[in-house]
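A.B. asks: Take a look at this one; I'll ask things after.
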Amino acid sequence: MKNHSNQLQHFLLGLLAVSMLALASCGKTNQGANTGTLGGNAASKTYVAPGQLDEFYAFMSGGFSGQVSVYGLPSGRLFKVIPVFSVDGEKGYGFNEETKPLLNTSHGFIPWDDAHHPNLSQTNGETDGRWLFINGNNTPRIARIDLSTFETVETIEIPNSGGNHSSPYLTQNTEYLMAGTRFSVPIPQKDVPISSYAQNFQGALSFISVDKVSGEMDVAFQVLMPGIDYDLASCGKNQSHGWAFFTSYNSEQKNSLLEVNASQNDKDFVAAINWKKAEEYLAQGKAKEFPTNYMHNVYNESTQTATSTAKKTVKVLNPADCPGLVYFLPTPKSPHGIDVNPTGEYIACSGKLSADITVHSFANMLKAIDKKDFDGEYQGIPILKFESVLGGVVKEPGLGPLHTEYDNEGNAYTSFFISSEIVKWKVGTWEVLDRVPTYYSIGHLMVPGGNSTKPQGKYVVALNKITKDRYLPTGPELTQSAQLYSIDGAKMELLLDFPTIGEPHYAQGIAASKIVPKSKQFYKLSENKHPYMIPSEKDTKVVREGNNLHVYMTTIRSHFAPDNIEGVKVGDKVYFHVTNLEQDYDVPHGFAVMGANTAELLIMPGQTETLVWYPKKEGVIPMYCTDFCSALHQEMQGYIRVSPAGSATALKWWLGEEKQVQ
Amino acid sequence: MKKLVLRFFALCLLIGAFGCSSDKSAPASSDTPKPKSMLAEEADPMTNKGIGPITSVEMTAAVDQTLADHGKSVYEKMCTACHKPTEKFIGPAPKGILDRRSPEWVMNMILNPEQMVKEDPIAKKLLVEFNMSPMANQHLTEADARAVLEYFRTL
Chain A
40 MKNHSNQLQH
50 FLLGLLAVSM
60 LALASCGKTN
70 QGANTGTLGG
80 NAASKTYVAP
90 GQLDEFYAFM
100 SGGFSGQVSV
110 YGLPSGRLFK
120 VIPVFSVDGE
130 KGYGFNEETK
140 PLLNTSHGFI
150 PWDDAHHPNL
160 SQTNGETDGR
170 WLFINGNNTP
180 RIARIDLSTF
190 ETVETIEIPN
200 SGGNHSSPYL
210 TQNTEYLMAG
220 TRFSVPIPQK
230 DVPISSYAQN
240 FQGALSFISV
250 DKVSGEMDVA
260 FQVLMPGIDY
270 DLASCGKNQS
280 HGWAFFTSYN
290 SEQKNSLLEV
300 NASQNDKDFV
310 AAINWKKAEE
320 YLAQGKAKEF
330 PTNYMHNVYN
340 ESTQTATSTA
350 KKTVKVLNPA
360 DCPGLVYFLP
370 TPKSPHGIDV
380 NPTGEYIACS
390 GKLSADITVH
400 SFANMLKAID
410 KKDFDGEYQG
420 IPILKFESVL
430 GGVVKEPGLG
440 PLHTEYDNEG
450 NAYTSFFISS
460 EIVKWKVGTW
470 EVLDRVPTYY
480 SIGHLMVPGG
490 NSTKPQGKYV
500 VALNKITKDR
510 YLPTGPELTQ
520 SAQLYSIDGA
530 KMELLLDFPT
540 IGEPHYAQGI
550 AASKIVPKSK
560 QFYKLSENKH
570 PYMIPSEKDT
580 KVVREGNNLH
590 VYMTTIRSHF
600 APDNIEGVKV
610 GDKVYFHVTN
620 LEQDYDVPHG
630 FAVMGANTAE
640 LLIMPGQTET
650 LVWYPKKEGV
660 IPMYCTDFCS
670 ALHQEMQGYI
680 RVSPAGSATA
690 LKWWLGEEKQ
700 VQ
Chain B
7 MKKLVLRFFA
17 LCLLIGAFGC
27 SSDKSAPASS
37 DTPKPKSMLA
47 EEADPMTNKG
57 IGPITSVEMT
67 AAVDQTLADH
77 GKSVYEKMCT
87 ACHKPTEKFI
97 GPAPKGILDR
107 RSPEWVMNMI
117 LNPEQMVKED
127 PIAKKLLVEF
137 NMSPMANQHL
147 TEADARAVLE
157 YFRTL
């Protein structure tokens with residue numbers, strides 16, 4: 040009955056939406072392909088009424104913004120941009136003292152990166168809603184986002200890597216995250232001629248372990264591979280659990296004009312790594328400790344502060360010492376995307392310069408290994424015979440296949456960059472079932488759970504590189520975009536376009552019900568162990584330690600305590616440690632100081648954050664709350680008196696009457 | 007079914023009305039006379055138990071000092087940013103509150119302030135009196151709120 044009335048409701052709303060659309064399009068001429076295939080009832084399928092909630096979360100990579108954006112599906116509404124690898128003035132991320140360490144690397148503090156492939160943690164091959172991992176491509180890193188707070192809580196740098204692209208694809212119980220280098224480099228780094236690539240360059244494939252309870256990451260080991268470009272990765276599932284697969288290009292080992300020079304060989308390789316075997320070799324002491332430098336940064340939710348640790352060594356396995364650890368699977372035409380299907384048997388490899396999709400069979404691979412069905416070796420690594428490992432070929436589905444996701448009914452969805460479309464095909468029979476255009480130049484695509492053992496199906500999201508005429512123009516730089524298609528019928532149907540931040544690479548989708556119950560509403564003051572936290576206004580104080588001045592400040596609707604401070608001097612370094620005393624949902628306070636060479640603080644209820652300010656000139660400096668907190672928000676302000684260096688102005692602070700706050 | 011159809015028409019009407027009517031949804035203005043609620047309060051505030059989880063409070067004749075001590079520590083942590091014990095600050099002073107309000111009202115104001123300032127006649131009036139400064143919900147447990155109430159008896 041309830042279902043029935045829901046259907047009716049949807050029908051009526053749909054009718055309404057359609058009539059509104061009809062109105063909106065009055066007088067417009069048909070713009071041909073630009074309208075896509077938007078059907079009459081598409082609007083009703085994405086309509087989430089005001090006050091209603093979406094069914095799925097979508098986590099999109101922010102690409103060269105360095106961040107992760109969080110959307111609702113099917114509405115395409117943007118909820119939050121989570122700062123990860125780039126500073127974010129809006130949230131004070133990378134500006135306040137607590138989060139700065141998260142951006143530390145062996146190269147020092149880096150305010151930006153290029154974030155590509157969000158991956159949700161999994162248990163038994165299913166997304167579990169605990170953490171989201173994403174790679175930093177430029178200065179090789181992986182970040183972990185806690186999905187109870189939607190905050191970045193850890194970053195780890197990947198040593199011996201030249202660009203962390205094939206990452207952080209994960210194993211079915213989140214035992215390991217993959218981190219394969221895109222650019223091979225001299226290991227350890229040294230000053231050599233670039234043209235000595237073939238002699239001096241190597242590629243490290245790193246396996247990052249994840250603590251089951253805390254989620255903390257560690258570089259467990261690296262496999263030292265021949266110097267080529269490692270592109271993307273996918274981990275085994277079910278029977279193939281224990282294996283990881285990496286695509287590669289540039290088996291030609293060229294270091295210039297790769298556009299031409301790395302496209303000479305008809306086939307490159309998929310590297311199949313038996314990581315359970317690697318664990319055995321580690322236990323046997325086969326790994327060598329390589330000296331290196333990388334940073335590991337962890338945010339402690341109790342102290343609400345991140346700390347950085349410099350790491351100096353890494354365990355490295357050399358395939359030459361470890362028979363059975365690595366095999367190469369020849370794969371046509373510079374394979375890019377690699378995606379193991381939900382059963383774990385098939386490995387779809389998209390030769391990006393090919394017209395076909397090559398699908399390897401895991402069972403065939405094991406048989407070929409067993410029979411030593413080799414076709415020579417490459418740099419000492421056995422090459423399995425192409426015909427022996429092949430599971431099937433999807434013949435001429437489109438041009439430039441890139442990535443594949445799966446549904447829960449044995450179908451696969453592959454993106455085609457050059458022909459700008461999604462093609463649906465049947466796993467096992469390799470027949471093409473349906474195709475739908477994308478606008479334009481799709482890269483990755485995403486089905487909620489589509490890279491796990493339990494895809495939820497229902498939708499596929501196209502993540503496009505080019506929008507051209509799809510949106511109002513905004514000067515030379517146009518928005519990037521996502522497109523939502525329904526996949527629960529026989530034909531895929533375009534439902535919605537929506538803009539994204541940066542360039543969306545990969546994305547992940549998950550049922551909201553797996554995250555909502557765990558979502559934190561505020562930090563409990565009683566659990567706040569920040570070293571500069573104060574639990575109440577009576578503890579507010581200003582402490583001078585030489586030129587360092589520590590202001591222990593609180594906020595509540597709608598005042599700062601203290602809100603008047605005197606005795607600050609030019610040349611001081613002033614730390615404002617601001618504790619938000621609110622203990623309710625959705626009551627953050629902001630804090631900004633005129634002339635401070637940093638961003639605001641945005642302090643969640645029960646949180647303590649620190650802004651550092653260097654007063655440079657004498658005068659009286661205003662400060663205020665930046666986040667509208669109550670009807671008296673505009674009154675939430677104060678003054679700091681700055682006196683000349685060496686002056687005798689007494690250190691005083693107060694709220695209300697001019698006396699020290701007691 | 008009928009309801010749905012009605013909702014549908016209501017929605018259409020709403021859309022029809024959009025753009026040609028001025029915004030009438032501004033917050034209920036505080037100076038609009040509300041004779042009924044004022045009267046209710048003036049009648050006898052001590053009979054008003056407020057709105058929230060607390061429907062009755064039992065108190066011993068003498069103050070339970072252990073409970074009051076605990077209440078004091080909770081009050082100092084969670085309430086003093088806005089309430090001084092014996093003088094008006096951001097919000098009113100709790101001294102003598104049990105001569106003015108029922109114990110149930112006090113606890114409901116601590117535990118359910120959002121609804122109280124919207125719907126309870128006394129709380130609504132207080133919000134205006136205190137310049138729209140909202141009573142923050144500090145998410146005390148019922149036990150802690152009860153302890154704070156006991157502490158108020160000692161002021």
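Chains as they are written, first to last, in this note's numbering: chain A, 40 to 701; chain B, 7 to 161. Just so you know, even glycine gets a beta-carbon here, dropped at the ideal spot from N, CA and C. Nothing here was measured: the structure is a model prediction, and the numbers come from that model.
Since B:L104 is in the beta strand (DSSP E), which residue starts that stretch and which ends it?
C.D. replies: Counted from its first residue, the second sequence places residue 104 of chain B at position 98. Careful: B:L104 lies outside any beta strand (DSSP E), inside the alpha helix (DSSP H) at I103 to R106.
A.B. asks: So, helix, strand or coil for A:G606, using DSSP?
C.D. replies: The residue labelled residue 606 of chain A in the question sits at position 567 within the first sequence. If DSSP states are grouped into helix, strand and coil, A:G606 belongs with the strands.
A.B. asks: Taking buried to mean at least 16 other C-beta atoms within 10 Å of its own C-beta, is A:L564 buried or exposed?
C.D. replies: Sequence index remark: in the first sequence, residue 564 of chain A carries index 525 (1-based). By the neighbour-count rule (16 or more Cβ atoms within 10 Å), A:L564 is buried.
A.B. asks: Ends of the alpha helix (DSSP H) at B:S173?
C.D. replies: Since the displayed chain B opens at 7 and closes at 161, residue 173 of chain B lies outside it and no answer follows.
A.B. asks: Within its chain, find whatever has a CB closer than 7 Å to the CB of A:I149; leave out the 5 residues flanking it on each side and keep chain order.
C.D. replies: In the first sequence, counting from the first residue as 1, residue 149 of chain A sits at position 110. Closer than 7 Å at Cβ, skipping near neighbours: L142 and T178.
A.B. asks: List the whole-angstrom C-beta distance separating A:T220 from A:N203, where the pair is believed to meet the contact cut-off of C-beta under 8 Å.
C.D. replies: Indexing the first sequence from 1 puts residue 220 of chain A at position 181. Indexing the first sequence from 1 puts residue 203 of chain A at position 164. Indeed they touch by this definition, with Cβ atoms about 7 Å apart.
A.B. asks: For A:S145, list the residues DSSP reports as bridge partners.
C.D. replies: Translated into the one-based positions of the first sequence, residue 145 of chain A becomes position 106. DSSP output for A:S145 lists no bridge partner at all.
A.B. asks: When the Cα of B:I57 is compared with those of B:M113, B:E135 and B:L73, which residue comes out closest?
C.D. replies: Taking the second sequence and counting its residues from 1, one reaches residue 57 of chain B at position 51. Checked all of B:M113, B:E135 and B:L73; the closest Cα to B:I57 is B:M113.
A.B. asks: Would you call B:T61 buried or exposed, if buried means 16 or more other Cβ atoms sit within 10 Å of its Cβ?
C.D. replies: What you label residue 61 of chain B is simply residue 55 of the second sequence in a count that begins at 1. Counting Cβ neighbours within 10 Å, B:T61 comes out exposed, since fewer than 16 surround it.
A.B. asks: Can you pull the chain B residues whose beta carbon is under 9 Å from the beta carbon of A:H598, in chain order?
C.D. replies: Counting from 1 along the first sequence, the entry for residue 598 of chain A is found at position 559. Correct list: A87, C88 and I96.
A.B. asks: Is the Cβ of A:P574 closer than 8 Å to any Cβ of chain B?
C.D. replies: As a first step, residue 574 of chain A is located in the first sequence; it is residue number 535 there, counting from the start. For A:P574, the answer is yes, since a Cβ of chain B falls inside 8 Å of its Cβ.
A.B. asks: Could you name the residues of the same chain whose beta carbon sits closer than 6 Å to that of A:S706, not counting the 5 residues immediately before and after it, in chain order?
C.D. replies: An answer regarding residue 706 of chain A cannot be provided, because it is not within the stretch 40 to 701 covered by chain A.
A.B. asks: Quick one: which chain A residues come within Cβ less than 7 Å of B:M138?
C.D. replies: Counted from its first residue, the second sequence places residue 138 of chain B at position 132. In chain order: A670 and L671.
A.B. asks: If you follow the beta strand (DSSP E) that A:P538 is in, where does it begin and where does it stop?
C.D. replies: As a first step, residue 538 of chain A is located in the first sequence; it is residue number 499 there, counting from the start. Its beta strand (DSSP E) spans residues E532 to T539.
A.B. asks: Tell me which residues of the region 578-610 of chain A have at least one Cβ-Cβ distance to chain E shorter than 9 Å, keeping chain order.
C.D. replies: In the displayed structure, chain E is absent; the protein chains listed are A and B.
A.B. asks: Taking 8 Å as the cut-off, decide whether the C-beta atoms of A:P381 and A:S491 are in contact.
C.D. replies: Walking along the first sequence from the start, residue 381 of chain A turns up at place 342. Walking along the first sequence from the start, residue 491 of chain A turns up at place 452. Yes, Cβ-Cβ distance for A:P381 and A:S491 is below 8 Å.
A.B. asks: Assuming contact is defined by CB atoms lying nearer than 8 Å, are A:Y215 and A:F172 in contact in what I supplied?
C.D. replies: In the first sequence, counting from the first residue as 1, residue 215 of chain A sits at position 176. In the first sequence, counting from the first residue as 1, residue 172 of chain A sits at position 133. No, Cβ-Cβ distance for A:Y215 and A:F172 is not below 8 Å.
A.B. asks: Less than 8 Å between the beta carbons of A:Y288 and A:S187, yes or no?
C.D. replies: Mapped onto the first sequence, residue 288 of chain A falls at position 249. Mapped onto the first sequence, residue 187 of chain A falls at position 148. Against a cut-off of 8 Å, the Cβ pair of A:S187 and A:Y288 comes out as no contact.
A.B. asks: If you draw a straight line from the C-alpha of A:L441 to the C-alpha of A:T370, how long is it?
C.D. replies: Counting from 1 along the first sequence, the entry for residue 441 of chain A is found at position 402. Counting from 1 along the first sequence, the entry for residue 370 of chain A is found at position 331. Approximately 14 Å between the Cα atoms of the pair.
A.B. asks: Go ahead and pull the three-state DSSP assignment for A:S552.
C.D. replies: Looking up residue 552 of chain A in the first sequence gives position 513. In this structure, A:S552 counts as helix in the three-state DSSP scheme.
A.B. asks: On a CA-only basis, which of A:K504, A:G645, A:I549 and A:K553 is nearest A:P574? Give me that one, please.
C.D. replies: If you number the first sequence from 1, residue 574 of chain A lands on position 535. Out of A:K504, A:G645, A:I549 and A:K553, A:G645 has the C-alpha closest to the C-alpha of A:P574.
A.B. asks: State the Cα-Cα distance for the pair A:E516 and A:G133, rounded to the nearest angstrom.
C.D. replies: Locating residue 516 of chain A in the first sequence gives position 477, where the first residue counts as 1. Locating residue 133 of chain A in the first sequence gives position 94, where the first residue counts as 1. When rounded, the distance between both Cα atoms is 26 Å.
A.B. asks: So who's on the other strand from A:K354, going by DSSP bridges?
C.D. replies: In the first sequence, residue 354 of chain A corresponds to position 315, counting from 1. A:E328.
A.B. asks: Helix, strand or coil for A:G566, going by three-state DSSP, please let me know.
C.D. replies: Position 527 of the first sequence holds residue 566 of chain A. Looking at the sequence provided, one finds Glu at residue 566 of chain A rather than Gly. Looking at A:E566 - three-state DSSP - the assignment turns out to be helix.
A.B. asks: Measure the Cβ-Cβ separation of A:K325 and A:D360 and say whether it is below 8 Å.
C.D. replies: The count along the first sequence starts at 1 and reaches residue 325 of chain A at position 286. The count along the first sequence starts at 1 and reaches residue 360 of chain A at position 321. Contact: yes.
A.B. asks: Given a threshold of 16 other Cβ atoms within 10 Å of its Cβ, counted over all protein chains shown, does A:E448 qualify as buried or as exposed?
C.D. replies: Numbered from its first residue, the first sequence carries residue 448 of chain A at position 409. Exposed is the call here.
A.B. asks: Using CA atoms only, rank isn't needed, just tell me which of A:S295, A:D473, A:N300 and A:N212 is closest to A:G275.
C.D. replies: Locating residue 275 of chain A in the first sequence gives position 236, where the first residue counts as 1. The option with the nearest alpha carbon to A:G275 is A:N212.
A.B. asks: From A:G695 to A:I604, what distance separates their C-alpha atoms?
C.D. replies: Counted from its first residue, the first sequence places residue 695 of chain A at position 656. Counted from its first residue, the first sequence places residue 604 of chain A at position 565. Taking the straight line joining both Cα atoms gives about 12 Å.
A.B. asks: Count the other C-beta atoms from every protein chain shown that fall within 10 angstroms of the C-beta of A:Q91, then say buried if there are 16 or more, exposed otherwise.
C.D. replies: Locating residue 91 of chain A in the first sequence gives position 52, where the first residue counts as 1. Exposed, because fewer than 16 other Cβ atoms sit within 10 Å of the Cβ of A:Q91.
A.B. asks: Which word fits B:D29, buried or exposed, when buried means at least 16 other C-beta atoms lie within 10 angstroms of its C-beta?
C.D. replies: Numbered from its first residue, the second sequence carries residue 29 of chain B at position 23. The pLDDT assigned to B:D29 is 39, lower than 50, so where the model puts this residue is not dependable; a value taken from the coordinates is nonetheless given after this. So B:D29 ends up on the exposed side.
A.B. asks: Which residues of the region 621-645 of chain A have a Cβ closer than 7 Å to any Cβ of chain B? Give them in chain order.
C.D. replies: E621, Q622 and D623
A.B. asks: Should A:N69 go down as buried or exposed, given a rule of 16 or more other Cβ atoms within 10 Å for buried?
C.D. replies: Numbered from its first residue, the first sequence carries residue 69 of chain A at position 30. Bear in mind that the predicted position of A:N69 carries a pLDDT of just 38, short of 50, making it too unreliable to give a figure here.
A.B. asks: A:A551 and A:F95: beta carbons closer than 8 Å?
C.D. replies: Translated into positions along the first sequence, residue 551 of chain A becomes position 512. Translated into positions along the first sequence, residue 95 of chain A becomes position 56. Taking a C-beta distance under 8 Å as the contact criterion, A:A551 and A:F95 qualify as a contact pair.
A.B. asks: Which term fits A:Y624, buried or exposed, when burial requires 16 or more other beta carbons within 10 angstroms of its beta carbon?
C.D. replies: By 1-based counting over the first sequence, the position of residue 624 of chain A is 585. Exposed, because fewer than 16 other Cβ atoms sit within 10 Å of the Cβ of A:Y624.
A.B. asks: Are A:S393 and A:G430 closer than 8 Å when you measure CB to CB?
C.D. replies: Within the first sequence, the letter at position 354 stands for residue 393 of chain A. Within the first sequence, the letter at position 391 stands for residue 430 of chain A. No. Outside cutoff.
A.B. asks: Using the Cβ count rule (16 or more neighbours within 10 Å means buried), how would you classify A:Y110?
C.D. replies: As a first step, residue 110 of chain A must be located in the first sequence, where it is residue number 71. Per the 10 Å Cβ criterion, buried.
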